[in-house]
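Here's the structure we're looking at; comments come further down.
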Amino acid sequence: METEGEDHAFVLHRYPFSDSSLVLEVITAGHGRLGLLARGARRPRSALGGLEAGRPFVLRWRGRGELPTLVSADEVAPARLPGPWQGLCLFYVNELVLRLTVRNDPVPELFAAYAEVLEDLWAGARATWHLRRFEQRLLRALGWAADLPYCTVCGTAWKLGSDAWSQGPGAAPRCPLHAEPGGLILTDAMIQWLSGSMIQAPVSSIQDPLRRYLRAQIDELLDGRPLESRRLLAAYLRRQKDSGRQTW
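If you're matching positions, the sequence shown starts at 24 in this note's numbering and goes up one per residue.
Shown next, in the form of structure tokens:
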């Protein structure tokens with residue numbers, strides 16, 4: 024059965040197909056992640072040649088099966104060239120979405136979170152907490168976020184000022200009664216930020232613990248498969264003598 028569609032979208036990844044075409048992986052507002060065949064997009068004068076990661080489009084497609092044909096692509100905002108930091112962060116965000124989603128599964132909340140983190144990056148944000156917010160929103164949208172603020176063992180609700188909670192297997196929160204030996208301590212500030220709207224930056228003292236906490240959840244979902252973008256981001260930050268950051 025042939026299908027047709029039109030939606031707002033961002034390109035996550037593209038790779039060559041035959042001598043003149045491209046296969047695109049895109050994230051859309053209402054259709055989830057899609058694979059599309061952009062016929063002739065590699066030709067010098069193709070109208071589809073500007074389909075690059077991080078640029079917003081309205082895409083129209085038609086076809087059968089898992090790889091319908093892209094019919095047209097209208098860019099909805101001027102092209103913005105990312106700097107090294109923005110480009111690496113974009114690579115990381117795109118790699119996460121590609122690894123943790125499946126095709127044809129609409130998740131509007133994820134599309135909104137993706138669009139917002141791109142706006143943060145294009146606005147020149149270098150603070151890594153924007154990535155933490157995206158990670159948590161991605162986990163929430165896909166239904167994989169830890170059930171904060173409840174103990175995963177007994178269901179006890181966390182209360183402000185309670186004794187230290189800890190991170191159990193897979194980043195599951197545990198109350199003091201069921202503390203995980205050696206687990207990352209979940210402070211009040213961490214639980215409040217992760218459970219809230221995350222509009223404001225977290226205090227500096229919890230930014231590295233947040234990174235480790237969210238990474239533990241993501242790593243479990245990745246099932247041991249490394250992210251190339253993490254390696255490149257870490258190498259980039261090591262080279263920035265004036266950044267003062269050793270982690271992201």
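Cβ coordinates follow ideal geometry from the N, Cα and C atoms, glycine included.
Selected residue, minimal CA-CA separation from residue i, among the options
i              : options                           : result
tryptophan 108 : Asp242, Ala61 and Ala150          : Ala150
valine 94      : Phe80, Arg103 and Pro101          : Phe80
aspartate 242  : Ser44, Asn117, Glu158 and Arg103  : Glu158
valine 34      : Gly184, Thr26, Glu25 and Leu60    : Leu60
serine 189     : Trp181, Ile208 and Gly55          : Ile208
serine 218     : Gly28, Leu237 and Ser227          : Leu237
proline 199    : Arg261, Arg163, Ala187 and Gly206 : Ala187
alanine 70     : Arg122, Ala136 and Glu98          : Glu98
threonine 124  : Gly88, Tyr173 and Leu162          : Leu162
leucine 104    : Ala202, Arg78, Arg253 and Thr92   : Arg78
glycine 28     : Trp84, Ser43 and Gly55            : Trp84
arginine 253   : Pro91, Leu119 and Glu139          : Leu119
cysteine 87    : Gly106, Thr26 and Trp216          : Just to set this straight, residue 87 is arginine in the shown sequence, not cysteine. Among Gly106, Thr26 and Trp216, the Cα nearest to that of arginine 87 is on Thr26.
One or two residues paired with residue i in a DSSP bridge
i                : result
valine 29        : Correcting the residue type first, residue 29 is glutamate in the shown sequence and not valine. Looking at the DSSP assignment, glutamate 29 forms a beta bridge with Arg83.
glutamate 98     : Phe80
phenylalanine 40 : Ser44
threonine 51     : Ala32 and Gly55
tyrosine 173     : Ala180
leucine 90       : None; leucine 90 has no bridge partner.
leucine 60       : Val46 and Thr92
Residue i burial status per 10 Å Cβ neighbour count (16 or more: buried)
i             : result
glycine 247   : exposed
tyrosine 38   : exposed
glycine 229   : Checking the sequence shown, residue 229 turns out to be isoleucine, not glycine. Buried is the call here.
serine 41     : exposed
aspartate 30  : buried
leucine 183   : exposed
glutamine 240 : buried
alanine 146   : exposed
leucine 57    : buried
proline 249   : exposed
Exercise. Contact between the stretch 203-219 and the stretch 71-88: three or more CB pairs below 8 Å?
Worked result: Judged by Cβ distances under 8 Å, the stretch 203-219 makes no contact with the stretch 71-88, as fewer than three pairs qualify.
For this session: Only counting runs of 4 or more residues, tell me where the alpha helix (DSSP H) segments fall wholly within the stretch 187-249, in order along the chain.
Result: 211-218 and 230-245
Problem set entry | Any 3 or more C-beta pairs closer than 8 Å across the stretch 122-142 and the stretch 60-69 | Not touching, per the Cβ criterion.
For this session: State whether the stretch 100-117 contacts the stretch 171-180, with contact taken as three or more CB pairs (one from each stretch) at a distance under 8 Å.
Result: no
Problem set entry | Unbroken stretches of the alpha helix (DSSP H), 4 residues or longer, contained in the stretch 92-164 | Whole alpha helix (DSSP H) segments, 4+ residues: 107-123, 131-145 and 152-164.
Problem set entry | the stretch 131-143 contacting the stretch 43-57, beta-carbon criterion three pairs below 8 Å | yes
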